[in-house]
Amino acid sequence: MKRTDHNGTLRAGDAGRTVTLIGWVAKRRNFGSLVFIDLRDRSGICQIVFDETVSDAVKDVRSEYILQVTGEVRVRKDPNPKLPTGEIEVAAKEVNIINTAETSPITIADDSDTSEDIRLKYRYLDLRRKPLQDNLILRHRIQMIVRRVLDEEGFIEVSTPILARSTPEGARDYLVPSRIYNGRFWALPQSPQIYKQLLMISGMERYFQIARCFRDEDLRADRQPEFTQIDIEMSFVEEDDVFAVVEKLMRSIFREIRKTELPEFARLSWDECMKKYGTDKPDLRFGNTIHDLTDLFRNTEFQVFRSVIDAGGEIDAVHFAGIADQYSRKAIDKLQEFLKAGFRAKALAYLKLENGVLSGSIAKPLSEAEKAAVISHFDMHDNDIVFLIADTPQIARAALGALRIRVAHEQDLIDRSQDRFLWVTDFPMFEYSEEENRWVAAHHPFTAPKEEDVDKLFTDPEHCSSRAYDLVLNGYELLSGSIRIHDQDLQEKVFEAIGLTMEQAKQKFGFFLEAFRYGTPPHGGVGIGLERLTMVLAGTENIRDVVAFPTTNSSLDLMTESPNYVDDAQLEVLGIEVSEDNKKQA
Ligand code: ASP
2 MKRTDHNGTL
12 RAGDAGRTVT
22 LIGWVAKRRN
32 FGSLVFIDLR
42 DRSGICQIVF
52 DETVSDAVKD
62 VRSEYILQVT
72 GEVRVRKDPN
82 PKLPTGEIEV
92 AAKEVNIINT
102 AETSPITIAD
112 DSDTSEDIRL
122 KYRYLDLRRK
132 PLQDNLILRH
142 RIQMIVRRVL
152 DEEGFIEVST
162 PILARSTPEG
172 ARDYLVPSRI
182 YNGRFWALPQ
192 SPQIYKQLLM
202 ISGMERYFQI
212 ARCFRDEDLR
222 ADRQPEFTQI
232 DIEMSFVEED
242 DVFAVVEKLM
252 RSIFREIRKT
262 ELPEFARLSW
272 DECMKKYGTD
282 KPDLRFGNTI
292 HDLTDLFRNT
302 EFQVFRSVID
312 AGGEIDAVHF
322 AGIADQYSRK
332 AIDKLQEFLK
342 AGFRAKALAY
352 LKLENGVLSG
362 SIAKPLSEAE
372 KAAVISHFDM
382 HDNDIVFLIA
392 DTPQIARAAL
402 GALRIRVAHE
412 QDLIDRSQDR
422 FLWVTDFPMF
432 EYSEEENRWV
442 AAHHPFTAPK
452 EEDVDKLFTD
462 PEHCSSRAYD
472 LVLNGYELLS
482 GSIRIHDQDL
492 QEKVFEAIGL
502 TMEQAKQKFG
512 FFLEAFRYGT
522 PPHGGVGIGL
532 ERLTMVLAGT
542 ENIRDVVAFP
552 TTNSSLDLMT
562 ESPNYVDDAQ
572 LEVLGIEVSE
582 DNKKQA
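Numbering (this note's numbering), first residue to last: 2 to 587.
Pasting the structure below:
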């Protein structure tokens, strides 16, 4: 089907040319004998004018019809500065109606007012909207940069199975029943973790894959059952080598897409990070870090602080300059409720400086010397406020970390012109699962412990650090990864530490343990969340905006109505019976 140009590309310099365009009718307006149609294709919109010689041919044309139009480009008398093609229009000479369309069930406009559920049901129409098309194009461009940069760095893209063996990334597996071997199941990969490590044993040295991962997690607003990882693995490396590749990749992406040079990537150990920010994914686009003031109050006579300190707790504080007048008693009560409900903090104390004098919930019980010490610690000025929490270190830090973010949002303290990356290193090796009543791998069980902590695997699992790291961008966890174990004995020990007996380990990962015996190189890698990265670059907080055919928050595909029931015959060959309760009700 012939076209000479794309609709969004015509400019004043094209005036006088005869062009043929194809596209969907975005808008139609009648002015007496003149008809104006905005014709849309992927590249954008062009205004077409049909005068009395051709307007008859489009008299029945409605929104979303597809037209092929030939005409002359001319400069508009009244340019539209909002459209890239706003300087010109095309005076139609010939028109061919390629297809008709029924009335669209959704409003196809940049800011559609149709509810998200209806837009998801008609996703193919929703995808005609420019913001969504732009996001898919952005995602494509990121993928192209990833492929180019990693190729330049000597990485080989290898596809690993989708019908796979379960890998432990901490979520539930999606299972696929085998027809040929009734009673047996494939698992969809939670990540290509085991395969990519096996590729290192194979001698591939540098692997990557834009990999689909599947995790059957409980419903959460920002999750999709399937997502995409830029999955990377490298042999003969330490943390710095992995970081260098990822930083190079991010710099290229941000240079090409955002046209910015990224500042230096910050680094913090997990311990330091939790102390300073109360979270392992802090947003560094604003300061207001947590300060441990326990020493300052070491000899306090203020009973509340005294008893917390005596019990081994901490007095932590966050300082904000120039916003004390924004926090009335009522506003502070609200903060306190928020911290109590979500972060188990019993009480939130505060101190404000006004006319050189400290007031606030604990101004009375503190001594003059203590108050002077707080003022000087934070170099406080009038209208500054300090929030304090006395509690166990975990609770105090987590609560102040949450308060830090909330106040920054409320007071608009975030510098959105920046992108701030942070490597968080030395994550704990294990976390305690109350549900399972045992220590589980905090990252995954192939992560190497810090060399100096190997002897804590069994004696002090809580304080055993690992060689796992995250990269955080503007408060989002963008990737996780680790240096892996490459020694069979150590791998067996780690399995044992998370409560797998040798027999269970062999049954689950026997092939993997065996592979370790044949010359396993030291290796490590990362899995970068492609959707997260695209979301940040697209400036959206809705993951569905960067996925072509997403599911709802409750894991339903409203367009294809999946998951769905299947025929009894299909189940029978799989050797599966569905209980009466779960059968489709007639
Ligand atoms: N497989 C890990 C994950 O999906 C990433 C990695 O360790 O490379 O989180």
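A virtual CB, placed ideally from N, CA and C, is assigned to each residue, including glycine.
Would you say residue i touches the ligand ASP, meaning its beta carbon is less than 8 Å from a heavy atom?
| i | result |
| --- | --- |
| I499 | no |
| V455 | no |
| T5 | no |
| V527 | yes |
| H444 | yes |
| E170 | yes |
| M505 | Going by the sequence as given, residue 505 is Gln instead of Met. No. |
| E515 | no |
| Q419 | no |
| P434 | Contrary to the premise, residue 434 reads as Ser rather than Pro in this sequence. The answer is no for S434. |
| E234 | yes |
| S167 | no |
| T448 | yes |
| G45 | no |
| S467 | no |
| Q230 | yes |
| Q210 | no |
| G482 | yes |
| Q191 | yes |
| C214 | yes |
Is it buried or exposed for residue i, if we count other Cβ within 10 angstroms and need 16 for buried?
| i | result |
| --- | --- |
| T19 | exposed |
| T502 | exposed |
| V574 | exposed |
| R256 | exposed |
| M145 | exposed |
| A312 | exposed |
| D127 | buried |
| T535 | buried |
| N289 | buried |
| Y328 | buried |
| V579 | exposed |
| E371 | buried |
Using only alpha-carbon positions, find the residue among the options that is nearest to residue i.
| i | options | result |
| --- | --- | --- |
| G357 | E369, A348, K347 and A350 | E369 |
| A588 | H487, G525, E532 and E542 | In the structure as shown, the chain begins at 2 and stops at 587. Residue 588 is therefore absent and cannot be evaluated. |
| G323 | M381, S467, F428 and P178 | M381 |
| R485 | R252, K451 and A312 | K451 |
| D558 | E227, E338, S434 and G361 | E227 |
| L285 | R268, N300, R299 and G500 | R268 |
| D568 | S556, M560, L137 and K585 | K585 |
| R142 | A570, M560, E532 and L572 | E532 |
| E206 | L189, Q194, M235 and L199 | M235 |
| R213 | P169, I163 and R224 | I163 |
| T229 | Q191, L354 and S203 | Q191 |
| Y470 | E411, V319 and L423 | L423 |
| G33 | G45, T54 and L151 | T54 |
| N8 | S329, I316 and I23 | I23 |
| D61 | T71, I38 and N384 | I38 |
| S167 | T280, P193, G576 and K78 | P193 |
| T541 | R75, P132 and I316 | P132 |
Would you give the residue range spanned by the beta strand (DSSP E) that residue i belongs to?
| i | result |
| --- | --- |
| L423 | F422 to T426 |
| G72 | I67 to V76 |
| F447 | Taken as a continuous stretch (DSSP letters only), F447 belongs to no beta strand (DSSP E), as it is neither H nor E. |
| Y470 | A469 to L474 |
| Q191 | No beta strand (DSSP E) contains Q191, which DSSP labels as neither H nor E. |
| E387 | Residue 387 is actually Val in this sequence, not Glu. That run of the beta strand (DSSP E) goes I386 to D392. |
| A342 | Per DSSP, A342 belongs to no beta strand (DSSP E); it is in the alpha helix (DSSP H), R330 to F344. |
| D490 | Premise fails: D490 lies in the alpha helix (DSSP H), Q489 to A498, not in any beta strand (DSSP E). |
| T250 | Position check: residue 250 holds Leu in this sequence, whereas Thr was assumed. Element bounds for L250: not the beta strand (DSSP E) but the alpha helix (DSSP H), E240 to I258. |
Nearest chain D C-beta to residue i closer than 9 Å, yes or no?
| i | result |
| --- | --- |
| A442 | Of the chains in the structure shown, none is chain D; there is only one protein chain. |
May I ask which residues mark the beginning and end of the alpha helix (DSSP H) holding residue i?
| i | result |
| --- | --- |
| Q505 | M503 to A516 |
| N136 | K131 to E153 |
| F228 | Looking at the DSSP string, F228 is not in any alpha helix (DSSP H); the run it does join, the beta strand (DSSP E), is E227 to S236. |
| Q571 | D569 to L575 |
| Y125 | R124 to D127 |
| L534 | L531 to A539 |
| S360 | Premise fails: S360 lies in the beta strand (DSSP E), V358 to S360, not in any alpha helix (DSSP H). |
Any heavy atom of the ligand HEM inside 8 Å of the beta-carbon of residue i?
| i | result |
| --- | --- |
| Q225 | The model on display carries the ligand ASP but not the ligand HEM. |
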